[in-house]
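J.:
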Amino acid sequence: DSGVTQTPKHLITATGQRVTLRCSPRSGDLSVYWYQQSLDQGLQFLIQYYNGEERAKGNILERFSAQQFPDLHSELNLSSLELGDSALYFCASSRPGLGSDTQYFGPGTRLTVL
Amino acid sequence: GQQVMQIPQYQHVQEGEDFTTYCNSSTTLSNIQWYKQRPGGHPVFLIQLVKSGEVKKQKRLTFQFGEAKKNSSLHITATQTTDVGTYFCAGRETSGSRLTFGEGTQLTVNP
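The following block contains the structure:
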C-alpha cells in the first residue's frame with residue numbers, strides 16, 4: 155500500500171460524457187502527478203501540481219483538466235470522452251526535496267469508454 | 010524536450026536465465042529511478058541512482074548509472090517467476106525538473 159488513494163477503481167461510461175477522477179496523496183506529500191497508461195503502453199505524463207499550483211504539463215488534451223485543492227487532494231476531469239480515452243489513469247505523489255523525489259503511485263482508475 | 014528510451018520493449022526468458030534492460034537519455038541526467046509494475050498493479054519505486062558510474066544491488070537486481078549519466082541498466086540474475094512485470098526507468102534532467110519515464114520493458118518468465 156503506497157498511501158496514495160484513487161477513486162473510483164473502475165469507471166464505465168459512454169462517448170461524449172464527462173468524468174472526474176479523484177486522488178488523495180500520501181500524508182505530507184505536496185506534489186501530485188497524473189499519468190495515462192493505455193493497454194500495454196508506457197506511462198504518459200499528463201500534469202503535475204505542487205501545493206495547489208500547476209507545476210508541469212505533459213501531453214494533456216484540452217478536453218482534460220485537473221486541479222489540486224487546499225487539502226492537497228487532486229481531481230482529473232475528462233470531458234467529451236472518446237473511445238481512445240479508455241485507459242488506466244494513475245495518480246502519484248511525492249515530497250520534493252533533497253533526494254526525496256520518489257513518486258508513490260496509487261492503484262489507478264480504469265476508465266472504459268463505450 | 011528530454012527523451013528517455015528503453016530497450017528491449019519485451020523480453021521472454023526461462024526461469025533461471027538472466028535479464029537486462031537498458032535505458033538511454035537524450036540529455037545528461039541528474040538522477041535516474043527504476044520502477045516495477047506487476048501485471049494488474051501500479052508502478053512501485055525500486056531505486057534511485059545519482060552518481061556517475063554508480064552501481065547498486067538489491068538481492069538479484071543490479072542497477073548501474075553510466076559514467077556520462079545518460080544511460081542506465083537493470084540486470085536481474087537467475088530470474089524467478091516473481092520477477093514478472095514491466096520495468097520502467099525514469100530520468101530527471103535537472104534538480105527540480107519532472108521525471109521522464111521510459112516506455113518500459115515487459116518481462117515474462119517461463120517456469
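Respectively, the protein sequence lines represent chains A and B.
So that you can map any letter, position 52 of the first sequence is 206 in the working numbering, and since no number is skipped, the others follow by simple counting.
So that you can map any letter, position 78 of the second sequence is 87 in the working numbering, and since no number is skipped, the others follow by simple counting.
All residues carry an ideal CB built from backbone N, CA and C; glycine is no exception.
Here the structure is a predicted model, which is why all the values come from computation and not from measurement.
Does the region 184-200 of chain A come close enough to the region 210-222 of chain A that 3 or more CB-CB pairs lie under 8 Å?
T.: Yes: at least three Cβ pairs fall under 8 Å.
J.: Which of helix, strand or coil does DSSP assign to S159/A?
T.: The sequence position of residue 159/A within the first sequence is 5, counting from 1. For the sequence presented, residue 159/A should be read as Thr rather than Ser. Three-state DSSP puts T159/A in a strand.
J.: Using a Cβ-Cβ cutoff of 9 Å, what residues of the region 39-50 of chain B are near chain A? List them in chain order.
T.: Those residues of the region 39-50 of chain B that come within reach of chain A (Cβ to Cβ, closer than 9 Å) are N40, Q42, Y44, Q46, G50.
J.: Report the partner residues of G100/B according to the DSSP bridge assignment.
T.: Along the second sequence, one-based indexing puts residue 100/B at 91. DSSP output for G100/B lists I41/B, T109/B as bridge partner(s).
J.: I'd like the span of the beta strand (DSSP E) that includes I214/A, first residue to last.
T.: Here residue 214/A corresponds to residue number 60 of the first sequence, with the count starting at 1. Premise fails: I214/A is in no beta strand (DSSP E) and is neither H nor E.
J.: Within its chain, find whatever has a CB closer than 6 Å to the CB of Q23/B; leave out the 5 residues flanking it on each side and keep chain order.
T.: Walking along the second sequence from the start, residue 23/B turns up at place 14. The residues are N119.
J.: Looking at the strands, I want to know which residues DSSP matches up with A210/A.
T.: The count along the first sequence starts at 1 and reaches residue 210/A at position 56. For A210/A, which the question treats as bridged, DSSP gives the partners Q202/A.
J.: Please list, in chain order, the residues of the region 97-118 of chain B that have any C-beta partner in chain A closer than 9 Å.
T.: Against chain A - using a Cβ distance shorter than 9 Å - the residues of the region 97-118 of chain B are F97, A99, R101, S104, G105, S106, R107, L108, T109, F110, G111, E112, G113, Q115.
J.: I want to see whether chain D comes within less than 8 Å of Q12/B, judged by CB atoms only; does it?
T.: The structure shown contains no chain D; the protein chains it does contain are A and B.
J.: In chain order, what residues of the same chain lie with their CB nearer than 8 Å to the CB of V1/B, ignoring the 5 residues before and after it?
T.: What the structure shows of chain B is the stretch from 10 to 120, and residue 1/B is not part of that stretch, so it cannot be assessed.
J.: Within this structure, are the beta carbons of K66/B and L58/B separated by less than 8 Å?
T.: Mapped onto the second sequence, residue 66/B falls at position 57. Mapped onto the second sequence, residue 58/B falls at position 49. Not in contact: K66/B and L58/B (Cβ atoms no closer than 8 Å).
J.: Would you mind stating whether E102/B and S61/B have Cβ atoms separated by less than 8 Å?
T.: Taking the second sequence and counting its residues from 1, one reaches residue 102/B at position 93. Taking the second sequence and counting its residues from 1, one reaches residue 61/B at position 52. Not closer than 8 Å, so no.
J.: Using DSSP bridges, identify the partner residues of F72/B.
T.: Translated into the one-based positions of the second sequence, residue 72/B becomes position 63. The partner list for F72/B (beta bridge, DSSP) reads K65/B, L83/B.
J.: If you drop the 5 nearest sequence neighbours on each side, which residues of the same chain put their C-beta closer than 7 Å to that of T26/B?
T.: Sequence index remark: in the second sequence, residue 26/B carries index 17 (1-based). Per the sequence shown, the amino acid found at residue 26/B is Glu instead of Thr. Closer than 7 Å at the Cβ level, and outside the excluded window around E26/B, lie T88.
J.: For P17/B and chain A, any beta-carbon pair shorter than 8 Å?
T.: The residue labelled residue 17/B in the question sits at position 8 within the second sequence. Chain A contact via Cβ: absent.
J.: Please name the residue in P52/B, A77/B, T29/B whose C-alpha comes closest to that of E63/B.
T.: For the purposes of this step, residue 63/B is taken as the residue at position 54 of the second sequence. Nearest C-alpha to E63/B: A77/B.
J.: When you compare each of R107/B, H84/B, T90/B to I16/B by their alpha carbons, which one comes out closest?
T.: Here residue 16/B corresponds to residue number 7 of the second sequence, with the count starting at 1. Nearest C-alpha to I16/B: H84/B.
J.: Closest to Y44/B by C-alpha separation, out of K68/B, S35/B, G100/B, would be which residue?
T.: Indexing the second sequence from 1 puts residue 44/B at position 35. Here the closest residue by C-alpha is G100/B.
J.: Checking 8 Å against the spacing of the C-beta atoms, do F259/A and F244/A come in under that value?
T.: Along the first sequence, one-based indexing puts residue 259/A at 105. Along the first sequence, one-based indexing puts residue 244/A at 90. Cβ atoms of F259/A and F244/A: closer than 8 Å.
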